[in-house]
Amino acid sequence: MSSIAEVYVDLALPEVDRVFHYSVPADLEVQVGQAVRVPFGRRSVFGIVVGLCGESAYPNLKDISAVLYDGETVITEEQLTLARLLADYYLCPLSLILRQMLPFRLDSNAWPKPQVKKLIVPVVDHLPEDLPARASKQREILSLVLRLGQVPQEEIDSVTALKQLIVKGYVRQITVPVNPEGAVTAVNQLVRPPELTVEQTKALESLTRALDKGDPSTWLLQGVTGSGKTEVYMQLIAAALERQQQCLMLVPEISLTPQMVARFQARFGNRIAVWHSGLTPRERFDEWRRIRNGSAQIVIGARSAIFVPLTRLGVIILDEEHDQSYQQDENPRYHTRVVAQLRQRTTGCLLLFGSATPSLETYRASELGKCQRLELKERVSDRPLPPVHVVNMREELRAGHKAPVSRRLEYAIERCLERQEQAIILLNRRGFANFLLCLDCGHVPYCSSCDISLTYHLSTNRLHCHYCGQQQPVLSVCPECGSDRLRTQGIGTERLEAYLQARFPAARIGRMDRDTTTGRNAHARILQAFGQGEYDILVGTQMIAKGLDFPRVTLVGVVGADSGLHVPDFRSAERTFQLLTQVAGRAGRGDSPGEVILQAFNTNHYALECARNHDYLGFYRREMQMRQQGFYPPLGYMISMLLTNEDERELIADAAFVAAKLTELMGATAQIIGPTPCTVSKLKNSFRWQIMIKAGERVKLRSVCKQVLELYYETRRRTQIMLDFDA
Ligand code: ADP
Ligand code: ZN
Ligand code: ZN
């Protein structure tokens, strides 16, 4: 028996990022993967047992104080291996990764007790003679219990009679744990799969052949919007289940894809567990247990689902693998695609990326032969891709037409309403107006805690900061010059909706953006209403671009199709192309043909050109040239460091220290840009600077960054440093 446990304390601090040894008291059973409570300095902290050993080089070990959760293991060996790979890849404390894998914070109170039910079982084997005939209720209950062997306590209607039987020793009560059923209700009639198209069949055959071979292989299913990728996923999953394997199906944002989840539930019933951040603690716990004990064979979820403890994982699918929501925006800032690749290494599973607009990373991998590409070039049932028209808004202005909706789009909406079909209008900016402007002195009100102008919202009649959420009343006079000529500028979804309502008074208009989707299930409600034809027009931000499959949508309009191109980010063209292609793909998915109208000022940018022509490859080639020139991913490796501190002077000094060390250690092998203030240089009263390091070699870049961070933490400076990898 091992007497020493290696414990990772749950502090997630870089300076304690190592294993600590504790001795195991004789009365405790300790296993790898358990959660424990240990003394740490003067405190008592939580930790996870990551190893056991016979002896330790450290003298005077302290004892483990307690094993938590009835000794249940909270992390599998495979998860532990994955966590180690990730901590190394993202240069972050292991415990920070382990936290992603736990269903709850390590804390004795956060962990729900397994649900139990009470059963009544017989102690005797026949109706006893001394039970009087007039005790008819007792006789009735006892006969039932004898006949069935066990009866749930809540089904017994007389508490008094039951008590009597227990006191007399004829029956007793036992408690058994309930196996959770899962949040998904069982479906009686599971939907039968359709006949596959020729392209779908070819793709599925390649994938199932790979399953049979059993080597870990990586695939890209590149299929235009509406080509039936989801059907291929479902049949691949069915094939894996037949081979006794479990599957992980990842979708960008679960609340935006209720349709996708419903399709899976209709096909697979309660073999599915649904995993996302919106579950209640109880649901989360139940789903976690079903996943771990294998009663759920398919897990469908958003990015955090990539960590779930499936033990016979055969297939991981990342649907819409290009989607930005796969990037975690808090520490550790992992990319789900990277985690999936590492998890393929720890499990040997098949990995499938699906998209109409693959990320440059994935498409390049397919060109280099690191991942095999399968294509679905046609929509199902010979439906054409919708024609895309681009309207030049400069010409609209020249013609004296100042409205936010061009004449062409307006005409198309009118026709669409006449035909009683549906339209989706995208404007990727919420609120009413972008900002308030003083016409006399040019003053624009800014957030007092962030370096960002405030957005006007009509519903609250206030100015909102979209970064920190702070609000303030609208000013009636300019605080700079006293003028009362303050005007709202620019347009958001709220104003667009109002404009369309005024222009088409009879139309029923729904709006979907962050302001209308704050409640639980709000997304699903709006989408369901739209699906049932309660709205003619759905206005929204990028939320409405993703994965929706509504056959009556024949018109898609985009207001400000080029607005994303001005964002200072090397991925802005890629994001714009993806967004436009995806939203265009919502049109014409049913029997009636669709049409797409993009409004822009900058109409000849290649992102728009290629979206207009449904030309992925053209876009890929142009964009790769841009990346080559700037030495950006996927052609080079990049780490951006975000440094934040409320004290700006200290921040600047620390940034200079880090940059100098980086320069010293990287030499000529890297390009170091910065330190410079971020685009949003202040957020919630914290100042923000960044340093970007681009290099041709990943291993060296990482090891140098690691070294520099260690040097930095040695001096314990107060500036926070967050790393972003290739993002
Ligand atoms: P994608 O995910 O590629 O955008 P979907 O899988 O949503 O496409 O398929 C688009 C539509 O076509 C869906 O309504 C789906 O039910 C239907 N569909 C998919 N495959 C077939 C098929 N083989 N036969 C008939 N309909 C299909
Ligand atoms: Zn003014
Ligand atoms: Zn703010």
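Counting from 110, one number per residue, gives the positions in the sequence shown under our numbering. We put the CB at the ideal spot given by N, CA and C, even for glycine.
- Around the beta-carbon of glutamine 598, fewer than 16 other beta-carbon atoms lie within 10 Å, marking it exposed.
- According to the DSSP assignment, cysteine 559 belongs to no alpha helix (DSSP H), since it is labelled neither H nor E.
- Where alanine 542 is concerned, there is no enclosing alpha helix (DSSP H), because DSSP gives it neither an H nor an E.
- If the five residues before and after asparagine 440 are omitted, its C-beta is found closer than 8 Å to the C-beta atoms of Cys201, Leu205, Met831, all from its own chain and listed in chain order.
- The C-beta of glycine 666 has 16 or more other C-beta atoms within 10 Å across all chains shown, which makes the residue buried.
- Assignment of glutamine 581 by DSSP, reduced to helix, strand and coil, places it in the strand class.
- The nearest non-hydrogen atom of ligand 2 is 8 Å or more from the C-beta of aspartate 724.
- With contact defined as three or more Cβ pairs closer than 8 Å, the segment 379–388 and the segment 312–328 are not in contact.
- Taking the Cβ atoms as the reference, valine 789 lies roughly 34 Å from isoleucine 425, outside the contact range of under 8 Å.
- Residue pairing by DSSP places aspartate 833 opposite Ser749 in a beta bridge.
- Around the beta carbon of aspartate 622, 16 or more other beta carbons lie within 10 angstroms, which makes this residue buried.
- When distances are taken from the beta-carbon of alanine 465 to the heavy atoms of ligand 1, the shortest one is below 8 Å.
- With 16 or more neighbouring CB atoms inside 10 Å of its own CB, leucine 191 falls in the buried class.
- Glutamine 355: member of the beta strand (DSSP E) spanning 355–359, first to last residue.
- In this structure, methionine 343 keeps its C-beta atom at 9 Å or more from the C-beta atom of arginine 301.
- In the displayed model, proline 743 falls within coil according to three-state DSSP, outside both helix and strand.
- Of the heavy atoms belonging to ligand 3, none sits nearer than 8 Å to the Cβ of serine 681.
- The segment 580–597 makes contact with the segment 545–565; the number of CB pairs closer than 8 Å reaches 3 or more.
- The beta carbon of glutamate 487 sits closer than 8 Å to the beta carbons of Thr306, Glu308, Val333, Ser336 from its chain, once the five residues preceding and following it are set aside; these are given in chain order.
- Rounded to whole angstroms, the Cβ separation of glutamate 759 and arginine 827 is 6 Å, and the two are in contact under 8 Å.
- Each residue's CA atom was taken as its position, placing serine 558 and threonine 625 some 25 Å apart.
- By the CB criterion at 9 Å, glutamine 799 and leucine 752 fall inside the cutoff.
- Taken in chain order, the unbroken stretches of alpha helix (DSSP H) that lie wholly in the segment 331–409 and span 4 residues or more are 338–351, 367–377, 390–401.
- Checking the 8 Å criterion, the Cβ of serine 585 is out of range of every heavy atom belonging to ligand 2.
- Uninterrupted beta strand (DSSP E) stretches at least 3 residues long and entirely within the segment 233–269 do not occur.
- Around the beta carbon of proline 361, 16 or more other beta carbons sit within 10 angstroms, so the residue counts as buried.
- For leucine 792, the shortest C-beta to heavy atom distance toward ligand 3 is below 8 Å.
- Aspartate 763 sits in a helix when the DSSP states are folded into three classes.
- Nearest to tyrosine 576 by C-alpha distance, out of Leu792, Arg620, Ala654, His723, is Leu792.
- The residues Leu330, Val341, Leu483, Leu485, in chain order, have a CB closer than 7 Å to that of alanine 312 in the same chain once the five nearest residues on each side in sequence are set aside.
- Annotated three-state conformation of glycine 599 is coil, per DSSP.
- Annotation for arginine 146: Ser153, Phe155, Ser174, Ala175, Leu177 place their beta carbon closer than 7 Å to its own, counting only its chain and skipping 5 residues before and after.
- Per the C-alpha coordinates, the member of Gly805, Leu774, Ser701 positioned closest to phenylalanine 740 is Gly805.
- Between valine 370 and the set Thr389, Ile407, Arg401, the nearest pair of CA atoms involves Ile407.
- Annotation for tyrosine 565 indicates a beta carbon at 8 Å or more from all heavy atoms of ligand 3.
- Sequence-distant Cβ neighbours of phenylalanine 728 in its own chain, meaning closer than 6 Å and more than five residues away, are Phe686, Cys719.
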